[in-house]
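Mapped onto the UniProt record's numbering, the consecutive letters of the sequence shown carry residue numbers 1 to 82. The next block holds one structure in the form of structure tokens; read it before the comments.
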Amino acid sequence: MSMIIAWFIVIFGIIYWVLNKFVKFMTAGHLKLKDLIRAGLWSIIIILIWRKLHPGEAMPERFKNKDEQFKRLINQAKNGDF
Numbered sequence: 001m002s003m004i005i006a007w008f009i010v011i012f013g014i015i016y017w018v019l020n021k022f023v024k025f026m027t028a029g030h031l032k033l034k035d036l037i038r039a040g041l042w043s044i045i046i047i048l049i050w051r052k053l054h055p056g057e058a059m060p061e062r063f064k065n066k067d068e069q070f071k072r073l074i075n076q077a078k079n080g081d082f
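Below, the structure written as structure tokens:
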């Protein structure tokens, strides 16, 4: 069991290192992977707090799921409604 956990930690470390290098390359060294993870966690926390405090209320546009926006864009592209 400890061997499995050790390999999991090693693989996770390698994946984290590769992703961190990729993020640094794509953002010209201005961001690190931990910054993106931290921003994602804060976004999740804010969304959960909003849903607890405002049940049944629509989320503000900046918190909405990006999938809905992409689906609208895809439908517009299919229909030619530019």
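The C-beta atom is built at its ideal place from N, Cα and C for all residues, glycine as well. This structure is a prediction, so every number in the text was calculated from the model and none was measured.
Does residue i come out as helix, strand or coil in the three-state DSSP assignment?
i, result
"residue 28", "coil"
"residue 39", "helix"
"residue 56", "coil"
"residue 1", "coil"
How big is the Cα-Cα spacing for residue i and residue j?
i, j, result
"residue 49", "residue 36", "20 Å"
"residue 28", "residue 40", "20 Å"
"residue 8", "residue 44", "25 Å"
"residue 15", "residue 56", "39 Å"
"residue 5", "residue 13", "12 Å"
"residue 68", "residue 11", "34 Å"
"residue 58", "residue 51", "9 Å"
"residue 47", "residue 78", "31 Å"
"residue 53", "residue 1", "43 Å"
"residue 73", "residue 3", "48 Å"
Kindly give me the distance between the Cβ atoms of residue i and residue j, rounded to whole angstroms, as I take these residues to be in contact under 8 Å.
i, j, result
"residue 31", "residue 23", "6 Å"
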